[in-house]
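**Q**
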Amino acid sequence: MTFGDRLTQLRKENGYTTRKSFAEKLNIPETTLRNYETDEREAGHTFLKQMSDFFNVSCDYLLGLTDDREKTESYPLKKSEYDRIEKYRLISEYSPDGATVVDTILDREYSIANQLKQSASTIVELPSTSSTRRLIEYYHSVSAGTGQVIFDDVYPERITIPNDPKYKRAAYAVKVNGHSMEPTYSDGDMLLIEPSCEVDIGEIGIFNVGGQAYVKKLGHGELISLNKEYGNIKLTEESNCMGRVVDKL
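Heads up: the sequence shown begins at 1213 in my numbering, then just goes up one per residue.
#1: Does A1325 pass the burial test, meaning 16 or more other C-beta atoms within 10 Å, or should it be called exposed?
#2: Note the first and the last residue of the continuous beta strand (DSSP E) segment covering N1389.
#3: Between N1452 and S1392, is the Cβ-Cβ spacing less than 9 angstroms?
#4: What distance in whole Å lies between the Cβ atoms of D1401 and K1460, which are believed to be in contact at a cut-off of 8 angstroms?
#5: Indicate the three-state DSSP secondary structure (helix, strand or coil) for P1407 in the structure shown.
#6: DSSP on G1310, reduced to helix/strand/coil?
#7: Ignore the nearest five residues each way along the sequence and tell me which others in R1281's own chain have a CB closer than 6 angstroms to its CB.
#8: Might you give, ordered along the chain, the residues of its own chain that have their beta carbon closer than 7 angstroms to the beta carbon of S1342, omitting 5 neighbours on each side?
#9: May I have the straight-line CA-CA distance separating N1239 from S1408, to the nearest angstrom?
#10: For the beta strand (DSSP E) holding E1434, just list the boundary residues, first then last.
#11: If we ignore side chains and look at the alpha-carbon of each, how far apart do N1444 and E1225 end up?
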């Protein structure tokens, strides 16, 4: 579609059934609007921007360069970010199934990062002369047993921890529910968590497996229970790490 076609379509969609009514709204001669709509006259950039704002559509849509009406914000990007965009465009064009996988992972990791951001934003820093700083406890328990539904319980209680360098990266705390990590971590222990999307093999972290939150040691393809009376948990492609255990209180 041409610019004139798009302009005519948007005018009618927005209730301006006649050129005269729309020209009066824009305070321009009706003949000028007619020339734009019939493509007898090329609209200048000022009028193009005016129509983009008026109809809340992108300039590319008005010019017929895309069928996507949505206006996008402009952000300064690093070269590495441009490179990722180019890769994604190539994947989208030649491997649609691959693009779906990328979208799924991106949405999942964005959700995780947003949760970590929200938990980290609840930290209240005290003056540097203080020997303690405050954290807000995370909003659910983690299972050291058969599984704890994520966000099942809410704990708005604030806790105080030592102002120790080893706790510097701890952003929130969770309470252990169960016995599978004994004797290292017992039921009711408060764990300090460093936000992280991955931990090394052998490290203990917080993991989401099938919508259940676990505190476990990471093994090869599974989560390991320290208490031999409990079985290990098999990891799936959808499983993800939510943080690394720093210490317990």
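Yeah, the Cβ is synthetic: ideal placement off N, Cα and C, and Gly gets one too.
These numbers were taken from a predicted model, which means no experiment stands behind them.
**A** Walking through what the data contain:
#1: exposed
#2: Y1384 to G1390
#3: no
#4: Indeed, because the Cβ distance is near 5 angstroms, the residues count as touching under 8 angstroms.
#5: coil
#6: helix
#7: V1269 and Y1273
#8: Confidence is the limiting factor: at S1342 the pLDDT is only 48, short of 50, which leaves the residue's position unreliable and the question unanswerable from this model.
#9: 57 angstroms
#10: E1434 to I1436
#11: 60 angstroms
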